[in-house]
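Chains as they are written, first to last, in our numbering: chain A, 1 to 401; chain B, 402 to 671. From the three backbone atoms N, C-alpha and C, an ideal C-beta is built for every residue, glycine too.
Okay, here's the thing in structure tokens:
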């Protein structure tokens with residue numbers, strides 16, 4: 001993974017420098033941030049911290065390469081953390097050369113792709129690896145090397161992806177919180193595919209808008225982004241969890257139907273991996289109430305049911321769970337927003353987790369955000385069990401340029 | 402007298418009409434033409450421009466005079482006999498740089514809207530029913546910024562008088578929204594009789610209280626036909642806040658088509 005990063009950095013920087021020699025316009029933007037986490041309960045292991053301070057930078061260059069009729073986006077990401085060595089990391093979130101024409105788009109490099117419609121989790125979305133060092137919900141994703149071609153037709157847009165390099169899932173390290181009790185042996189994964197990370201994955205997605213309906217159909221064939229974590233015993237002692245990446249074929253469907261202030265959504269993925277075929281899906285709605293309590297604020301109420309067909313796999317968090325969320329947008333000059341969410345396990349009354357995410361603009365360059373997460377379970381068979389003492393509050397101040 | 406009426410779509414932004422209550426016992430203003438005919442002439446004079454692009458700066462001012470800015474680029478496609486399509490891409494403040502809002506508007510049904518979040522590369526379809534919600538924290542609501550369509554209001558001509566700021570005669574028109582979810586009981590609009598351009602609009606909230614006033618200033622004519630105000634000043638009388646909306650670099654006839662306003666276009670932005 002590190003080797004890959006260095007190569008990609010060199011390649012992308014080289015392309016950027018080469019490109020800049022015949023580019024017309026460059027736009028530079030991005031953000032810097034400082035983040036403080038506080039864990040309210042003592043850790044499970046004494047070497048885990050209660051306080052964690054971190055800084056990050058995410059600049060972005062947009063370069064017009066009119067000489068070759070393309071544009072280039074370069075967006076590296078750098079984070080430093082006071083406690084967790086795994087969070088001292090660098091990634092290229094995007095390094096993408098793109099040709100855009102009337103009926104097609106061709107992209108080459110490192111890209112970010114989002115598929116799906118749901119708010120809580122997105123089972124259909126799997127082009128990019130999720131970065132669990134960044135956010136406990138994995139909403140931040142690693143850059144994915146790709147070649148993609150989108151064809152625009154009157155009957156929808158069809159996008160083909162060739163994914164020539166696999167990115168392993170990163171987890172917080174031994175000195176961090178929000179990790180499995182045993183350390184994940186991140187540098188020693190096992191693959192089902194003999195070519196390991198160099199295997200070439202492929203995917204296709206068709207999407208279309210038909211009046212009040214947005215629809216997407218997708219297919220993926222390659223190595224799953226979601227590893228199984230296998231306990232490893234060394235000298236009679238549990239030594240860690242080894243990631244195992246099986247091969248996966250996935251058929252995906254995502255739907256959104258809007259009627260006035262009601263939005264109905266569905267994401268369903270039919271997966272075939274390790275000789276097992278199963279469905280994983282999320283379905284629900286968002287209902288928006290405007291001008292609540294005679295103010296200018298909007299309140300969105302979200303309800304999403306999460307299902308996974310692998311009922312006997314204890315590593316899968318969303319198996320039969322219900323997510324309830326409230327999104328309050330104040331529509332004020334500061335852009336103040338609050339999202340509150342709780343996910344309840346329907347098979348186990350005592351297993352639930354929740355979060356609050358709020359953000360606000362301080363002035364035209366600065367914003368802050370405040371997040372809090374809590375996890376509750378008594379059952380050692382619950383995947384949440386490793387997080388049971390990791391309730392935390394995270395406060396960030398961000399500078400946008 | 403021949404009727405004509407320009408529309409004021411600024412950016413997906415719009416404009417106008419308005420109000421005026423007829424006081425009890427007052428007789429309705431008698432003329433050879435009706436409020437509806439004036440609105441139709443306004444629309445007729447501002448039809449056929451096909452598309453335009455522009456840059457917009459909004460200056461938001463609170464009751465203490467403190468200012469903040471919003472900067473966005475705008476593309477608008479004219480759709481005859483229906484609401485227009487618009488694509489707004491924000492460039493300031495920096496935390497919303499690259500965020501885009503695509504609106505496909507309708508006269509009767511709710512508009513279709515998609516929001517593009519550049520950091521996640523995610524296009525989100527959003528509920529548009531909140532016509533009366535503030536646009537980017539400004540004193541303009543979404544309904545103030547959508548295209549003027551005749552069928553969106555019922556009209557009464559309630560007077561003819563001097564225009565508020567220019568030396569010209571104005572029609573004074575009351576417009577009552579016919580669409581659902583409007584935040585207004587009515588608008589009173591002053592439209593000049595020479596070019597059928599709105600000059601001023603008073604907005605009345607659902608309780609009938611005077612809420613906001615919009616002044617249309619710095620009109621320029623494009624293609625010898627289409628008038629556009631380069632400055633709109635919206636003042637909220639209930640909060641003391643105001644927003645200036647400054648439009649520059651207006652360019653008509655860019656050859657835009659439906660394809661440029663398809664939700665998938667959002668992933669092409671950068």
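Using a Cβ distance threshold of 8 Å, residue 305 of chain A and residue 325 of chain A do not count as a contacting pair. Residue burial annotation: residue 529 of chain B is buried, with at least 16 other C-beta atoms found within 10 angstroms of its C-beta. Taken in chain order, the members of the segment 510 to 537 of chain B whose beta-carbon sits within less than 7 Å of a beta-carbon on chain A are 511, 521, 522, 523, 526, 528, 530, 531, 533, 534, 535. A residue is called buried once 16 or more other Cβ atoms fall within 10 Å of its Cβ, and residue 216 of chain A is buried on that count. Under the 8 Å Cβ criterion, the segment 257 to 272 of chain A does not count as touching the segment 543 to 563 of chain B, having fewer than three qualifying pairs. Under the three-state reduction of DSSP output, residue 391 of chain A falls in the coil class, being neither helix nor strand. The three-state secondary structure of residue 226 of chain A, taken from DSSP, is coil.
The beta-bridge partner set that DSSP reports for residue 265 of chain A consists of A:256, A:284.
The Cβ-Cβ distance between residue 218 of chain A and residue 204 of chain A falls below 8 Å. Listed along the chain, the chain A residues whose CB falls inside 7 Å of the CB of residue 669 of chain B are 100, 105. At a cut-off of 8 Å between C-beta atoms, residue 496 of chain B counts as an interface residue with respect to chain A. The DSSP assignment places 70 to 81, 89 to 100, 104 to 111 as complete runs of the beta strand (DSSP E) inside the segment 66 to 150 of chain A, in order along the chain (cut-off: 3 residues). Collapsing the DSSP output to three states places residue 442 of chain B in a helix.
A check of alpha carbon separations from residue 288 of chain A across A:330, A:39, A:367, A:360 identifies A:330 as the nearest. For the 8 Å CB-CB criterion, residue 94 of chain A and residue 114 of chain A do not form a contact.
If you draw a straight line from the Cα of residue 138 of chain A to the Cα of residue 317 of chain A, it is about 13 Å long. Chain order gives no chain A residues near residue 637 of chain B, where near means a beta carbon separation below 7 Å; the closest approach is about 11 Å.
Secondary structure of residue 665 of chain B (DSSP, three-state): helix. Rounded to whole angstroms, residue 573 of chain B and residue 591 of chain B show a C-alpha spacing of 5 Å. Less than 8 Å divides the Cβ of residue 164 of chain A from the Cβ of residue 200 of chain A. Comparing alpha-carbon positions, the option among B:449, B:466, B:470, B:450 lying closest to residue 459 of chain B turns out to be B:470. Against chain B, a Cβ distance below 8 Å from residue 113 of chain A picks out 522. Against chain B, a Cβ distance below 7 Å from residue 157 of chain A picks out 665.
Per DSSP, residue 597 of chain B lies in no beta strand (DSSP E) and is assigned neither H nor E.
For residue 308 of chain A, the uninterrupted beta strand (DSSP E) run begins and ends at 298 to 308, by DSSP. As computed with DSSP, residue 537 of chain B is found in no beta bridge at all.
In the DSSP annotation of this structure, the continuous segment of the beta strand (DSSP E) that includes residue 339 of chain A starts and ends at 337 to 345.
Using a Cβ-Cβ cut-off of 8 Å, residue 470 of chain B counts as an interface residue toward chain A, since at least one Cβ of chain A sits closer than that to its own. Counting along the chain, the unbroken beta strand (DSSP E) around residue 473 of chain B starts and ends at 468 to 478.
Taking residue 180 of chain A as reference, the option from A:236, A:65, A:228, A:368 with the minimal CA-CA separation is A:228. From the beta-carbon of residue 367 of chain A, the residues of chain B found nearer than 7 Å are 496. The criterion of a C-beta distance shorter than 8 Å is not satisfied by residue 473 of chain B and residue 495 of chain B.
For residue 546 of chain B, the enclosing alpha helix (DSSP H) stretches over residues 543 to 546. Taking one beta carbon from each stretch, the segment 150 to 157 of chain A and the segment 367 to 380 of chain A have fewer than 3 pairs nearer than 8 Å; the two do not touch. Counting along the chain, residue 385 of chain A sits inside no beta strand (DSSP E), nor does DSSP assign it H or E at all. Residue 461 of chain B reaches chain A at 333, counting residues in chain order whose Cβ is nearer than 7 Å.
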